[in-house]
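**Q** So in my numbering, the last spot in the sequence shown is 382, and the numbers never skip.
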Amino acid sequence: MLVKDRFGKEVDNLRLAVTGRCNLACFFCHHEGYTPNICSAGAGKEMSPGEIRTVVEVAAGQGINRVKLTGGEPLLREDLGQIIKEVGAVAGIGEVSLVTNGVLLEERVGDLEGVSRINVSIHTTQPNIYRKITGRDLHGKVLKGIEATVKAGLPVKLNMTVLKGLNEDEVEGMVELAKRMGTDLQLIEYHSPEMDGGKFVNLDKVEKWLDENSEKKSELKDNRRKRFEVKGVKVHLVRPMFNREFCENCHRMRVTPDGKFKPCLMREDNHVEFDVMSRESVEKAFGEAIKRKEPFFR
């Protein structure tokens with residue numbers, strides 16, 4: 085039976101950051117809500133594969149059935165393959181997925197056995213725009229990684245955060261890229277006009293274009309995200325975290341790399357720490373974190 089928060093909302097998935105390190109410097113990254121600007125080689129403590137398994141076992145015991153591994157950049161963990169095995173071996177976990185920037189995919193795709201699907205953040209079809217967004221000249225390398233992952237038989241979804249003055253005119257081009265590579269596409273509206281540094285693009289026009297050009301359309305039940313099929317490509321539309329529906333349809337519990345439960349992406353004042361060496365401590369902390377979940381960000 086799925087655990088519910090005090091407002092009656094089920095919590096069925098764990099978003100687990102395995103590292104705070106990253107090999108890119110995307111200016112808009114929310115760092116999974118964990119200590120901004122930590123994209124460096126030696127950022128913070130990281131739980132071991134065995135410790136991560138303990139956390140997942142406790143969560144699974146409360147009905148959690150999906151785990152998404154995030155970062156930072158998860159592929160910077162040399163033991164990521166072992167982490168995937170440990171998480172996938174937990175009774176009750178039906179899906180293990182991964183979010184990556186794709187830079188190391190080509191070399192590491194062999195370590196991803198057991199992953200159900202992979203999100204790759206690429207944001208653009210153009211190398212020069214990629215460099216402006218990420219600070220690195222690695223667009224071609226990411227494309228090779230995506231090709232290797234698709235060839236290995238793993239389902240891939242390309243992430244594109246739509247940014248004013250950078251890639252807002254590339255939506256159709258990204259659909260073509262996804263079609264060519266055999267992937268899905270996820271379009272993400274960037275934050276909010278109040279705190280975006282002038283890069284916010286309202287996706288209403290994009291949604292209208294998708295609606296007019298789609299062969300099929302639907303709404304995913306678990307998070308009410310709209311999905312369109314355009315030119316044979318499944319295109320998912322994600323509105324930002326600063327809206328009522330994002331919070332209303334959040335069924336996640338987050339875990340920081342150093343071992344804290346994080347009930348809300350945007351809050352730094354309600355983390356719940358635990359001693360990962362003590363299952364009792366993890367269980368108690370998980371219960372407390374569920375109690376601290378709110379129906380909206382405040």
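Idealized CB from N, CA, C, for every residue including glycine.
Let's test the definition: count the other Cβ atoms within 10 Å of the Cβ of N121 and tell me whether it reaches 16, buried, or not, exposed.
**A** Summary for N121: the model assigns pLDDT 47, below 50, so the residue's position carries little reliability; its value from the coordinates is reported in the next sentence. Exposed, by the Cβ-count rule.
**Q** Nearest to T233 by CA position, among E141, S302, L196 and E135, is which residue?
**A** It is L196 whose Cα lies nearest to the Cα of T233.
**Q** Using the beta-carbon count (16 or more within 10 Å), is A369 buried or exposed?
**A** By the neighbour-count rule (16 or more Cβ atoms within 10 Å), A369 is buried.
**Q** What residue range does the alpha helix (DSSP H) around S365 cover?
**A** That run of the alpha helix (DSSP H) goes R363 to R376.
**Q** Which residues mark the beginning and the end of the alpha helix (DSSP H) in which R336 is found?
**A** Unbroken run through R336 is the beta strand (DSSP E), R336 to V339; no alpha helix (DSSP H).
**Q** Touching or not, the stretch 347-356 and the stretch 150-163, by the rule of three or more beta carbon pairs under 8 Å?
**A** With the cut-off at 8 Å, the stretch 347-356 and the stretch 150-163 do not touch.
**Q** Closest to C113 by CA distance: which of S205, K301 and E141 is it?
**A** Closest by alpha carbon: S205.
**Q** Run through the stretch 213-264 for me and flag every whole alpha helix (DSSP H) of 4 or more residues, listed as ranges in chain order.
**A** With a minimum length of 4 residues, the continuous alpha helix (DSSP H) runs that stay inside the stretch 213-264 are 223-235.
**Q** What number of angstroms, rounded off, separates the C-alpha of S302 from the C-alpha of D353?
**A** Straight-line Cα distance between these residues: approximately 37 Å.
**Q** Taking contact to mean at least 3 C-beta pairs separated by less than 8 Å, is the stretch 177-184 in contact with the stretch 215-225?
**A** Not touching, per the Cβ criterion.
**Q** To the nearest angstrom, report how far apart C106 and G156 are at their CA atoms.
**A** Answer to the nearest angstrom: the Cα atoms are 5 Å apart.
**Q** Based on the DSSP output, what are the partners of V317 in its beta bridges?
**A** Bridge partners of V317: V314.
**Q** Would E130 and T103 qualify as a contact pair, given that the criterion is a beta-carbon distance under 8 Å?
**A** Result yes, Cβ atoms of E130 and T103 sit closer than 8 Å.
**Q** Using DSSP's beta-bridge definition, name the partner residues of F345.
**A** Bridge partners of F345: V339 and V356.
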